[in-house]
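J.: The following block contains the structure, expressed as structure tokens.
Numbering (full-length UniProt numbering), first residue to last: 1 to 236.
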């Protein structure tokens, strides 16, 4: 977590979208992985609560789909927009976060969303409501709860503008790697660290234009990566 906070404090754009992975942001990944500490750090770092991936899904949809009640609570408290609907995924077209909770039998999350103002009468592009989806999958108790809920007001959140500053892609990828703890990102992290060290050395010591970088990266567990870097400066 210290590394994430330091990276955000350095001015890194927390809303950069990864074009190689569904245009997700770090908040999407942290929400999916149930990493509350990182979610909170990103919120404090002014991450867009309602950022969309390439399918139009928001972080709260990721958390709901994976059943992470505490993440959903946190995003609602941060004023996540519950009226947004998926707009680029054929099987989910028009789904709100409540549709996802109803389809996936996430009863506690559905109740939380209803209490926060989710519209239980909202239809997807095929006219299906959250209640319809629950009944379709024979989730009778959940369907009845949604149907009988007294809807009062729609929960809305202000639209966040797209970032106007150029993102520091190097650092945001490192954030993503730390969050995921996935071997997929190890080679990326290794490459970026080496490149950053070389660039910094070229800036600080132009009289020594070459730098050899050796590094050792090990997994502490599935969610945390420990990186040890050994820098060997040498004239060539």
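Beta carbons: idealized from backbone N, C-alpha and C, even for Gly. Every value quoted in this text rests on a predicted model; they were computed, and no experiment measured them.
Am I right that residue 146 and residue 110 are in contact with their C-beta atoms under 8 angstroms? What's the rounded C-beta distance?
T.: Their Cβ separation, rounded to whole angstroms, is 6 angstroms, which keeps residue 146 and residue 110 in contact under 8 angstroms.
J.: Can you look up residue 35 in the DSSP assignment and give me helix, strand or coil?
T.: In this structure, residue 35 counts as coil in the three-state DSSP scheme.
J.: Since I believe residue 64 is in contact with residue 101 (beta carbons under 8 angstroms), could you give me their beta-carbon distance rounded to a whole number of angstroms?
T.: Indeed, because the Cβ distance is near 5 angstroms, the residues count as touching under 8 angstroms.
J.: Tell me which residue opens and which closes the alpha helix (DSSP H) that residue 65 is part of.
T.: Per DSSP, residue 65 belongs to the alpha helix (DSSP H) from 59-65.
J.: Here's a check: name, in chain order, each residue in its chain whose Cβ is nearer than 6 angstroms to the Cβ of residue 66, leaving out the five neighbours to either side.
T.: Counting only Cβ-Cβ distances below 6 angstroms, and skipping sequence neighbours, we find 32.
J.: Could I get the ranges of all uninterrupted alpha helix (DSSP H) runs contained in the UniProt repeat "ANK" (93-125), with 4 residues as the minimum, in chain order?
T.: Counting whole runs of 4 or more residues, the UniProt repeat "ANK" (93-125) contains the alpha helix (DSSP H) stretches 97-103, 107-115.
J.: Whose C-beta lies closer than 6 angstroms to the C-beta of residue 24 among residues of the same chain, with five residues either side of it excluded?
T.: 18, 53.
J.: Could you give the DSSP three-state label for residue 86: helix, strand or coil?
T.: Residue 86: coil per DSSP, three-state reduction.
J.: I need the boundaries of the alpha helix (DSSP H) containing residue 132, first residue and last residue.
T.: First-last of the alpha helix (DSSP H) with residue 132: 130-136.
J.: Using the rule of at least 16 other Cβ atoms within 10 Å of the residue's Cβ for burial, across every protein chain shown, is residue 136 buried or exposed?
T.: Per the 10 Å Cβ criterion, exposed.
J.: For the candidate residues 149, 38, 104, 47, whose alpha-carbon lies nearest to that of residue 79?
T.: Among 149, 38, 104, 47, the Cα nearest to that of residue 79 belongs to 47.
J.: If you draw a straight line from the C-alpha of residue 40 to the C-alpha of residue 76, how long is it?
T.: The straight-line gap from Cα to Cα measures roughly 12 angstroms.
J.: So, for residue 87: in the same chain, excluding its five sequence neighbours on each side, which residues have a beta-carbon less than 6 angstroms away from its beta-carbon?
T.: For residue 87, where only same-chain residues beyond five positions count, the Cβ hits under 6 angstroms are 56.
J.: Along the alpha helix (DSSP H) that carries residue 71, what are the first and last residues, could you check?
T.: Note, residue 71: alpha helix (DSSP H), 69-77.
J.: DSSP has residue 18 in a bridge; who is on the other side?
T.: According to DSSP, which records beta bridges pairwise, residue 18 is partnered with 24.
J.: Relative to the C-alpha of residue 58, which residue among 69, 84, 119, 74 is closest?
T.: Among 69, 84, 119, 74, the Cα nearest to that of residue 58 is on 84.
J.: Could you give the first and the last residue of the continuous alpha helix (DSSP H) run that contains residue 140?
T.: From DSSP, the alpha helix (DSSP H) with residue 140 extends over 140-148.
J.: Cα-Cα, which of 144, 44, 82, 15 is closest to residue 105?
T.: Nearest of 144, 44, 82, 15 to residue 105, Cα basis: 144.
J.: With distances taken from CA atoms, which of 50, 95, 91 is nearest residue 74?
T.: Out of 50, 95, 91, 50 has the C-alpha closest to the C-alpha of residue 74.
J.: Out of 29, 92, 14, point me to the one whose CA is closest to residue 44's CA.
T.: Nearest C-alpha to residue 44: 14.
J.: Measuring alpha carbon to alpha carbon, tell me which of 148, 107, 140, 95 ends up nearest residue 126.
T.: Closest by alpha carbon: 95.
J.: According to the neighbour-count rule (16 or more other Cβ atoms, all chains shown, within 10 Å of its Cβ), is residue 70 buried or exposed?
T.: Classification for residue 70: exposed.
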